[in-house]
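The sequence shown begins at 1 in UniProt numbering and counts up by one.
C-beta atoms are modelled at their ideal positions from N, C-alpha and C, and glycine is treated no differently.
Okay, structure first, notes after.
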Amino acid sequence: MGDISRRAHNIAQVRELARRRLPRAIWEFIERGTEDDLLVNRNVEALQNVQLLPRTLRDVSARSTGIELFGRQQPLPLVIAPTGVSDLLWHRGERAIASAAASAGIPFTQTTSSTTSFADIAECATAGHWMQMYLWERRDLSWRVVENAAANGAEVLVLTVDTPMWPLREFNKRAGMGNPVRINRTLVSDFLKRPSWFASVIARYYMQGGLPQFANYPPEVGGKLTGTVSRVANSASVCWQDVDELRKRWSGKLVIKGVLSAEDARIALDHGVDGIAVSNHGGRNFDSSPPAIDVLASVVDAVGDRATVLFDSGVRRGADVVKALAIGAKAVLIGRATLYGCAAGGEAGARHAIDLLANEIDVAMAMVGVNRLDELDRSYLLPGTIRT
1 MGDISRRAHN IAQVRELARR RLPRAIWEFI ERGTEDDLLV NRNVEALQNV QLLPRTLRDV
61 SARSTGIELF GRQQPLPLVI APTGVSDLLW HRGERAIASA AASAGIPFTQ TTSSTTSFAD
121 IAECATAGHW MQMYLWERRD LSWRVVENAA ANGAEVLVLT VDTPMWPLRE FNKRAGMGNP
181 VRINRTLVSD FLKRPSWFAS VIARYYMQGG LPQFANYPPE VGGKLTGTVS RVANSASVCW
241 QDVDELRKRW SGKLVIKGVL SAEDARIALD HGVDGIAVSN HGGRNFDSSP PAIDVLASVV
301 DAVGDRATVL FDSGVRRGAD VVKALAIGAK AVLIGRATLY GCAAGGEAGA RHAIDLLANE
361 IDVAMAMVGV NRLDELDRSY LLPGTIRT
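Written out as structure tokens, the structure reads:
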């Protein structure tokens with residue numbers, strides 16, 4: 001791939017390098033949304049429509065992009081969001097992204113469906129190891145995963161609450177890229193059209209014993225990436241009592257991810273959560289949901305200082321991060337950016353994606369006239385360009 005830093009000067013260019021390298025089925029899995037594929041673009045457009053209001057003639061020579069998040073100082077207001085299939089983008093792609101996050105000093109969120117063990121990610125994610133959970137119908141199996149994550153040093157538990165059933169991703173069904181992966185003629189054809197990717201990822205895995213497995217599933221759930229898994233995404237029965245049970249079982253910080261309603265945010269406060277991630281799953285779950293940035297202000301106002309508000313969905317530029325922080329988010333989760341980077345260049349590519357956003361955040365700070373991110377508030381936003 002050559003030096004990705006010379007070939008890609010923004011996330012859009014990293015994205016294009018990833019698209020060229022990946023088979024269509026895997027590219028669509030990380031890039032597309034659900035149903036009519038509307039919300040992914042609406043997320044991006046809504047963020048673009050928010051306008052920052054620069055203040056001039058201020059000394060901005062002492063800028064710092066650092067924040068404190070859940071008691072840990074970090075140099076950037078970013079967290080790597082939970083994202084699947086990283087190990088199919090690059091050989092040991094999960095480790096690559098976790099290591100890139102650690103080198104940049106930011107936390108990495110491991111998914112329930114991770115194909116890397118908690119212990120292995122813990123060795124890589126030295127700047128913060130977060131764990132994302134779905135809850136299964138058999139809660140006892142879910143609690144077992146929670147206990148395993150805690151035993152391996154995970155610091156923050158992220159409960160994804162926006163997936164009561166499997167979303168309508170018809171293109172994934174066509175391609176066989178569900179959970180689990182279903183090998184079909186379309187998938188095989190897509191894979192063979194990318195021989196360089198196939199040789200460096202799939203063939204390499206087989207030379208080392210086979211495809212990655214779901215590394216942290218209990219045996220009763222099943223571990224194969226292909227074949228049959230006995231769970232179907234989040235259990236439809238998950239409710240606030242489960243949050244209470246998690247709160248009892250988890251001594252670390254607890255975040256619920258996928259909140260779009262201010263009323264849900266207020267309810268969450270009564271159930272002891274430490275953080276609320278305003279997110280529509282990157283546009284991947286329900287096309288009729290609003291862009292996440294359009295509801296961020298209402299959630300921030302509902303929560304006040306009683307919990308940490310995080311933002312996720314649609315971020316493609318560092319200025320998007322600054323916009324979310326000005327509205328009131330404490331930090332921003334990024335997912336596709338580092339997936340693109342990993343697909344284009346492994347750990348170096350993922351780190352380059354982080355570095356691009358870091359530089360854009362720094363430039364945006366200078367342009368709006370602040371030295372510290374905690375100086376940002378809604379006075380730095382053009383009135384009328386955000387929803388409250």
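C-beta atoms of residue i and residue j nearer than 7 Å
i: residue 148; j: residue 122; result: no
i: residue 342; j: residue 89; result: yes
i: residue 78; j: residue 332; result: yes
i: residue 253; j: residue 277; result: no
i: residue 56; j: residue 81; result: no
i: residue 44; j: residue 323; result: no
i: residue 364; j: residue 319; result: yes
i: residue 262; j: residue 298; result: yes
i: residue 98; j: residue 125; result: yes
i: residue 235; j: residue 166; result: no
i: residue 307; j: residue 259; result: no
i: residue 94; j: residue 112; result: no
i: residue 303; j: residue 265; result: yes
i: residue 36; j: residue 287; result: yes
i: residue 362; j: residue 65; result: yes
i: residue 251; j: residue 279; result: no
i: residue 114; j: residue 216; result: yes
Residue i versus residue j: straight-line alpha-carbon distance, rounded
i: residue 187; j: residue 59; result: 55 Å
i: residue 275; j: residue 34; result: 26 Å
i: residue 387; j: residue 293; result: 8 Å
i: residue 381; j: residue 103; result: 32 Å
i: residue 156; j: residue 133; result: 11 Å
i: residue 246; j: residue 367; result: 43 Å
i: residue 25; j: residue 305; result: 43 Å
i: residue 7; j: residue 160; result: 35 Å
i: residue 27; j: residue 172; result: 10 Å
i: residue 240; j: residue 209; result: 42 Å
i: residue 71; j: residue 271; result: 21 Å
i: residue 434; j: residue 201; result: This structure does not reach residue 434, given that the chain is present from 1 up to 388, and the question cannot be answered.
i: residue 84; j: residue 17; result: 19 Å
i: residue 15; j: residue 199; result: 21 Å
i: residue 249; j: residue 131; result: 14 Å
i: residue 74; j: residue 52; result: 24 Å
i: residue 54; j: residue 384; result: 15 Å
i: residue 355; j: residue 369; result: 21 Å
i: residue 19; j: residue 168; result: 23 Å
i: residue 291; j: residue 371; result: 29 Å
i: residue 61; j: residue 321; result: 20 Å
i: residue 340; j: residue 5; result: 13 Å
i: residue 282; j: residue 138; result: 27 Å
i: residue 13; j: residue 267; result: 41 Å
Residue from the options with nearest C-alpha to residue i
i: residue 170; options: 298, 284, 368 and 50; result: 284
i: residue 21; options: 366, 161, 345 and 383; result: 345
i: residue 92; options: 37, 317, 359 and 348; result: 348
i: residue 338; options: 86, 71 and 25; result: 86
i: residue 360; options: 316, 142, 156 and 260; result: 316
i: residue 218; options: 265, 206, 239 and 118; result: 118
i: residue 243; options: 269, 14 and 203; result: 269
i: residue 376; options: 326, 384, 310 and 356; result: 326
i: residue 311; options: 19, 32, 47 and 197; result: 47
i: residue 289; options: 41, 197 and 238; result: 41
Per DSSP, cross-strand counterpart(s) of residue i
i: residue 68; result: 73
i: residue 132; result: 158
i: residue 372; result: 64
i: residue 257; result: 160 and 277
i: residue 88; result: Answer by DSSP bridge pairing: none, since residue 88 is not bridged.
i: residue 311; result: 278 and 332
i: residue 145; result: According to DSSP, which records beta bridges pairwise, residue 145 is partnered with nothing at all.
i: residue 110; result: 131
i: residue 293; result: According to DSSP, residue 293 bridges with nothing at all.
i: residue 363; result: Answer by DSSP bridge pairing: none, since residue 363 is not bridged.
i: residue 79; result: 333
i: residue 381; result: 52
For residue j and residue i, believed in contact at Cβ under 8 Å, the rounded distance
i: residue 373; j: residue 67; result: 6 Å
i: residue 378; j: residue 30; result: Incorrect: roughly 33 Å between the Cβ atoms, too far for contact.
i: residue 255; j: residue 145; result: With a Cβ gap of about 16 Å, residue 255 and residue 145 do not count as contacting.
i: residue 214; j: residue 23; result: About 21 Å separates the two Cβ atoms, so there is no contact after all.
i: residue 129; j: residue 96; result: Rounded, the Cβ-Cβ distance is 15 Å, inconsistent with contact.
i: residue 11; j: residue 353; result: 6 Å
i: residue 205; j: residue 195; result: That pair is no contact at about 15 Å.
i: residue 309; j: residue 300; result: 5 Å
Closer than 6 Å: residue i CB and nearest the ligand GTP heavy atom
i: residue 339; result: Because no ligand of any kind appears in the structure shown, any question about the ligand GTP cannot be addressed here.
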